Amino acid sequence: MKDKKLNKYNLSRDIPNIVKREVRQRDCFGCVLCGNPIIQYEHVKPEYKDAKSHDPKGITLLCGGCHDSVTRKIIPKYEILEAMKNPFSKQQGIASRPFSISKVPPIIKIARTESQNCKTIIKILGEEVLSIKAPIDDSPYYSLYFNLKDNNGTQILLINDNEMVLSSKVFDIKIEGNSVVIYNEDEEKVLALANHLPSLPSEPNIIEIEKLNMIHKGIEIEFYKKSGRVKSSKAEITLGKNSFIDQECVIEVNKETINLGSGGLTFLEESTFNGSKTTIINIGSG
Ligand SMILES: [Zn+2]
Numbered sequence: 000m001k002d003k004k005l006n007k008y009n010l011s012r013d014i015p016n017i018v019k020r021e022v023r024q025r026d027c028f029g030c031v032l033c034g035n036p037i038i039q040y041e042h043v044k045p046e047y048k049d050a051k052s053h054d055p056k057g058i059t060l061l062c063g064g065c066h067d068s069v070t071r072k073i074i075p076k077y078e079i080l081e082a083m084k085n086p087f088s089k090q091q092g093i094a095s096r097p098f099s100i101s102k103v104p105p106i107i108k109i110a111r112t113e114s115q116n117c118k119t120i121i122k123i124l125g126e127e128v129l130s131i132k133a134p135i136d137d138s139p140y141y142s143l144y145f146n147l148k149d150n151n152g153t154q155i156l157l158i159n160d161n162e163m164v165l166s167s168k169v170f171d172i173k174i175e176g177n178s179v180v181i182y183n184e185d186e187e188k189v190l191a192l193a194n195h196l197p198s199l200p201s202e203p204n205i206i207e208i209e210k211l212n213m214i215h216k217g218i219e220i221e222f223y224k225k226s227g228r229v230k231s232s233k234a235e236i237t238l239g240k241n242s243f244i245d246q247e248c249v250i251e252v253n254k255e256t257i258n259l260g261s262g263g264l265t266f267l268e269e270s271t272f273n274g275s276k277t278t279i280i281n282i283g284s285g
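In numbering that gives the first Met the number 0, the protein residues as written are 0 to 285.
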């Protein structure tokens, strides 16, 4: 009996991960036609039914919408072959898509620290890294800003006003379920950012940094699901189970100090502050 998962040359539908990565890197992580980073892998030449191997040269990235348009013959196939020579994201240097954020203040989760309705979540040496803006003018939605650069100043991820921009300078990017995962050359996850969508319009998004392991402007940042640490040359904070509501800033790293919270409501249980005598613990009163 013929296995339905195989074509006439006994080639499985499953494209090996190493081939997928090569295709992602070559096409710069976005649909070759429109740059959407939510992608599918498509055998173009030859088509899967006629393919004897998973040769990356014949495979490309397409988003669901463009894939559907090709299947329904709205976009001709030769346009994909043309686009494969000069993928959309390669021309732009980026792949981008909108990031869906709720009409109520989203909850930001970093390790076991949660914050809601706080303006700035992370500020490093005067520069906003992660922040939330309330709806303005014509938009009913909260606006997320996340600007992540590595120690060399290379842009890793930018979310500006809910528009997610993935840099083609990054080694590898995968959209895994509702998470964006960015890898470095050593196959390590640099960032895993999940956006848990609400089921009702009255509920908030939960934006969770599942992992962030990097040095930003000389500041060591290590966030995991259960633990978090921020370290400068003079101060260090270990994040415990905290809750911040209505704050100006949640984590503020300066040259000699690291502040946790600033005004508003704070529920601090276990965060610890190590090292430098100059570390300021600024616990808001609310
Ligand atoms: Zn597309």
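By construction, the Cβ of each residue, glycine as well, lies at the ideal position given by its N, Cα and C atoms.
Fair warning: this is a prediction, and the values are worked out from it, not measured in the lab.
### Task
Give the DSSP-derived three-state secondary structure of residue 105 in the structure shown.
Reduced to three states, the DSSP call for residue 105 is coil.
### Task
Drop a sphere of 10 angstroms on the beta-carbon of residue 165, count the other beta-carbons inside from all chains shown, and report buried for 16 or more, exposed for fewer.
Buried is the call here.
### Message
With three or more beta-carbon pairs closer than 8 Å as the criterion, would you say the stretch 238-251 touches the stretch 113-126?
### Response
Counting Cβ pairs under 8 Å, three or more are found: they touch.
### Whole alpha helix (DSSP H) elements within the stretch 59-140, 4-residue minimum
Whole alpha helix (DSSP H) segments, 4+ residues: 63-70, 76-84 and 87-91.
#### Entry: Distance, residue 225 Cα to residue 76 Cα
In a straight line, the C-alpha of residue 76 is about 47 Å away from that of residue 225.
### Message
Any residue with its C-beta under 5 Å from a non-hydrogen atom of ligand 1 counts. Can you list them all in chain order?
### Response
In chain order, the hits are 30, 32, 33, 35, 62 and 65.
### Query
If you drop the 5 nearest sequence neighbours on each side, which residues of the same chain put their C-beta closer than 7 Å to that of residue 279?
Because residue 279 carries a pLDDT of 41, less than 50, the predicted location of this residue cannot be relied on, and no value is offered for it.
### Message
With the cut-off set at 9 Å, would you say residue 108 and residue 207 are in Cβ contact?
### Response
Closer than 9 Å, so yes.
### Task
Determine the DSSP secondary structure at residue 49, reduced to helix, strand or coil.
Three-state DSSP puts residue 49 in a helix.
### Task
Give me the Cα-Cα distance between residue 141 and residue 100, rounded to the nearest whole angstrom.
Taking the straight line from one Cα to the other gives about 6 Å.
### Task
Could you say which of 219, 237 and 233 lies nearest to residue 227 if we only look at CA atoms?
Nearest to residue 227 by alpha-carbon distance, out of 219, 237 and 233, is 237.
#### Entry: Simplified DSSP assignment, three categories, for residue 176
If DSSP states are grouped into helix, strand and coil, residue 176 belongs with coil.
### Message
Tell me the rounded alpha-carbon separation between residue 120 and residue 214.
### Response
Going by the C-alpha atoms only, they are around 17 Å apart.
#### Entry: Length-filtered (3 minimum) beta strand (DSSP E) runs lying within the stretch 173-235
DSSP runs (the beta strand (DSSP E)) wholly in the stretch 173-235: 178-182, 188-195, 205-215, 218-222 and 227-230.
### Query
Does the Cβ-Cβ distance between residue 68 and residue 29 come in under 9 Å?
In this structure, residue 29 does not lie closer than 9 Å to residue 68 by Cβ.
### Message
If you follow the beta strand (DSSP E) that residue 164 is in, where does it begin and where does it stop?
### Response
First-last of the beta strand (DSSP E) with residue 164: 162-166.
### Task
Note down, in chain order, each residue of its chain lying with its Cβ closer than 6 Å to the Cβ of residue 8, except the 5 sequence neighbours on either side.
Setting aside the 5 residues that flank it on each side, residue 8 is surrounded in the same chain by 51, each with a C-beta closer than 6 Å to its C-beta; the list follows chain order.
### Query
From residue 177 to residue 254, what distance separates their C-alpha atoms?
Straight across, the Cα-Cα distance linking residue 177 with residue 254 is about 35 Å.
### Query
ligand 3 heavy atoms versus the CB of residue 85: any closer than 8 Å?
Here the bound small molecules are ligand 1; ligand 3 is not part of this structure.
### Message
Using CA atoms only, rank isn't needed, just tell me which of 70, 105 and 153 is closest to residue 130.
### Response
Among 70, 105 and 153, the Cα nearest to that of residue 130 belongs to 105.
### Query
What residue does the alpha helix (DSSP H) around residue 22 start on, and which one ends it?
That run of the alpha helix (DSSP H) goes 16-25.
### Query
Taking C-beta to C-beta, are residue 79 and residue 14 nearer than 9 Å?
No; because the gap between Cβ atoms is not below 9 Å, this pair is not in contact.
### residue 148, DSSP secondary structure in three states
Three-state result, residue 148: strand.
### Query
From the DSSP output, which residues share a beta bridge with residue 39?
61, per the DSSP bridge assignment.
### Other residues of its chain near residue 17: CB distance less than 7 Å, five sequence neighbours each side excluded
Residues of the same chain with a CB within less than 7 Å of the CB of residue 17, apart from the 5 flanking positions on each side, do not exist.
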